[in-house]
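Colleague: Handing you this structure, nothing more for now.
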Amino acid sequence: MRRMKKLVLASASPRRKELLSQIGLDFIVCPSDAEEVITKTVPAEIVMELAKTKAEAIWKKTEQENCIVLGADTIVVKDDEILGKPKDDQDAARMIQMLQGNVHQVYTGVCFYYREEGSDSDLEKCHLFYGCTDVQVAPMSRQEIATYLQQGEHRDKAGAYGIQGFFERYIEGIRGDYANVVGLPVGLVYRELTKLGLIEA
131 MRRMKKLVLA SASPRRKELL SQIGLDFIVC PSDAEEVITK TVPAEIVMEL
181 AKTKAEAIWK KTEQENCIVL GADTIVVKDD EILGKPKDDQ DAARMIQMLQ
231 GNVHQVYTGV CFYYREEGSD SDLEKCHLFY GCTDVQVAPM SRQEIATYLQ
281 QGEHRDKAGA YGIQGFFERY IEGIRGDYAN VVGLPVGLVY RELTKLGLIE
331 A
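Just so we're aligned: 316 in this note's numbering is position 186 of the sequence shown, and the numbers increase by one with no gaps anywhere.
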């Protein structure tokens with residue numbers, strides 16, 4: 131695969147870095163420190179808004195004609211409640227209790243900032259999309275929840291879990307893209323990049 135422009139990942143997430151590397155994309159990392167302000171109420175719109183905020187902050191700092199900035203954000207949703215990163219262990223226990231024995235949704239919004247070339251004046255473009263995956267969590271006993279929390283994995287993760295870690299033992303199944311639950315729907319990212327002509331297959 132030949133890179134046509136420099137791809138910039140506006141995220142410090144090691145999981146997103148690993149996912150992009152797995153599909154053979156060449157990129158650099160420039161984490162966004164933009165303040166996350168939510169004005170939307172629909173989960174898909176929320177993650178796209180947050181992804182745009184991250185990408186836009188880095189876009190303003192780059193040599194814009196030479197790059198594509200990729201911003202992403204992931205949220206966990208159960209019964210219309212957005213489960214962010216838990217405030218403490220008690221909050222994490224509350225979230226896991228909600229998720230156990232039920233199906234929930236994981237949304238990841240993605241934003242590309244780039245310049246469209248080939249016209250009289252290059253146009254700044256902002257391309258938004260998202261992935262959504264259903265996740266079925268097995269019923270968990272109080273002891274299993276306590277055992278999970280002892281691992282400490284929950285402290286920096288939306289919904290108090292990461293599907294690629296210890297919590298995977300409690301996953302009954304998913305419907306949709308596994309990578310989306312990890313943090314970036316890389317298959318969809320690749321297809322959108324190629325559709326827009328930003329990379330060549």
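Just so you know, even glycine gets a beta-carbon here, dropped at the ideal spot from N, CA and C. The structure presented is a predicted model; accordingly, all values stated were derived computationally and were not measured.
Checking 8 Å against the spacing of the C-beta atoms, do Ala181 and Cys241 come in under that value?
Modeller: Indexing the sequence shown from 1 puts residue 181 at position 51. Indexing the sequence shown from 1 puts residue 241 at position 111. Contact: yes.
Colleague: Is it buried or exposed for Gln273, if we count other Cβ within 10 angstroms and need 16 for buried?
Modeller: Along the sequence shown, read from residue 1 onward, the residue named residue 273 stands at position 143. Flag for Gln273 reads exposed.
Colleague: Please name the residue or residues paired with Cys241 in a DSSP beta bridge.
Modeller: The sequence position of residue 241 within the sequence shown is 111, counting from 1. Gly201 and Leu258, per the DSSP bridge assignment.
Colleague: List in chain order: all unbroken alpha helix (DSSP H) runs of 4+ residues lying wholly within the segment 150-204.
Modeller: 173-189
Colleague: Between the Cα of Gly154 and the Cα atoms of Cys160, Pro161 and Arg146, which residue gives the shortest distance?
Modeller: As a working mapping, residue 154 is identified with position 24 in the sequence shown. The candidate whose alpha carbon is nearest that of Gly154 is Arg146.
Colleague: Distance cutoff 8 Å, beta carbons only. Does Thr192 sit that close to anything in chain C?
Modeller: The structure shown contains no chain C, having only a single protein chain.
Colleague: In this structure, how does DSSP classify Lys147 when only helix, strand and coil are distinguished?
Modeller: For the purposes of this step, residue 147 is taken as the residue at position 17 of the sequence shown. Residue state, collapsed to three classes: helix.
Colleague: Quick check on DSSP: helix, strand or coil for Gln273?
Modeller: Start at 1 with the first residue of the sequence shown, and residue 273 comes out as number 143. Gln273: helix per DSSP, three-state reduction.
Colleague: If you run the structure through DSSP and keep just helix, strand and coil, what is Lys325?
Modeller: Residue 325 sits at position 195 when you count from the first residue of the sequence shown. Reduced to three states, the DSSP call for Lys325 is helix.
Colleague: Using the DSSP secondary-structure output, state which residues sit across from His234 in a beta bridge.
Modeller: Within the sequence shown, residue 234 is the residue found at index 104, counting from 1. In the DSSP output, where bridge partners are listed per residue, His234 has Val265.
Colleague: Would Ile226 and Ile205 be called neighbours here (beta carbons separated by less than 8 Å)?
Modeller: For the purposes of this step, residue 226 is taken as residue 96 along the sequence shown, with counting starting at 1. For the purposes of this step, residue 205 is taken as residue 75 along the sequence shown, with counting starting at 1. Cβ distance not < 8 Å, so Ile226 and Ile205 don't count as in contact.
Colleague: In chain order, what residues of the same chain have a beta carbon less than 6 Å from the beta carbon of Arg305, not counting five sequence neighbours either side?
Modeller: Taking the sequence shown and counting its residues from 1, one reaches residue 305 at position 175. Closer than 6 Å at Cβ, skipping near neighbours: Asp264.
Colleague: What do you get for Gly231, buried or exposed, if any count of 16 or more other CB atoms within 10 angstroms of its CB means buried?
Modeller: Looking up residue 231 in the sequence shown gives position 101. Under this definition Gly231 is an exposed residue.
Colleague: Please report how far the alpha carbon of Ile158 lies from the alpha carbon of Tyr237, in whole angstroms.
Modeller: As a working mapping, residue 158 is identified with position 28 in the sequence shown. As a working mapping, residue 237 is identified with position 107 in the sequence shown. Distance between Ile158 and Tyr237, taken at the CA atoms: about 24 Å.
Colleague: Could you tell me which of Thr277, Asn196 and Gly214 sits nearest to Glu247, measuring between CA atoms?
Modeller: What you label residue 247 is simply residue 117 of the sequence shown in a count that begins at 1. Of the listed residues, the one whose Cα sits closest to Glu247 is Asn196.
Colleague: Assuming Met178 contacts Tyr260 under a Cβ cut-off of 8 Å, what Cβ separation, rounded to an integer in Å, is found between them?
Modeller: Taking the first residue of the sequence shown as 1, we reach residue 178 at position 48. Taking the first residue of the sequence shown as 1, we reach residue 260 at position 130. The Cβ separation is near 6 Å, so the contact holds.
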